[in-house]
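In our numbering, the protein residues as written are 54 to 122.
Below: the structure, in structure tokens.
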């Protein structure tokens with residue numbers, strides 16, 4: 054992961070570049086749970102699919118059938 058710098062002219066907000074990664078936690082205890090991604094089309098790369106199916110311990114076919122449209 055690349056180092057993310059604070060942008061001094063943006064009030065200390067973190068400016069993400071295309072090569073940067075970030076983590077967040079979305080869970081049922083949050084008031085906004087699933088609101089940010091509702092009715093959103095997210096395009097997955099083959100690498101995204103490999104990482105997620107491996108983390109779940111399932112085949113690519115099962116991942117695509119279960120989690121994608």
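Glycine included, C-beta positions come from ideal geometry on N, C-alpha and C.
| Check | Outcome |
| --- | --- |
| Pair within 7 Å by beta-carbon distance, residue 123 and residue 116 | No information on residue 123 is available, as it lies outside the stretch 54 to 122 that the chain covers here. |
| For residue 102, the first and last residue of its enclosing alpha helix (DSSP H) | 99-109 |
| Member of 91, 74, 70 and 83 whose CA lies at the smallest distance from the CA of residue 101 | 74 |
| Beta-ladder partner(s) of residue 121, from DSSP | Its beta-bridge partners do not exist; DSSP assigns none. |
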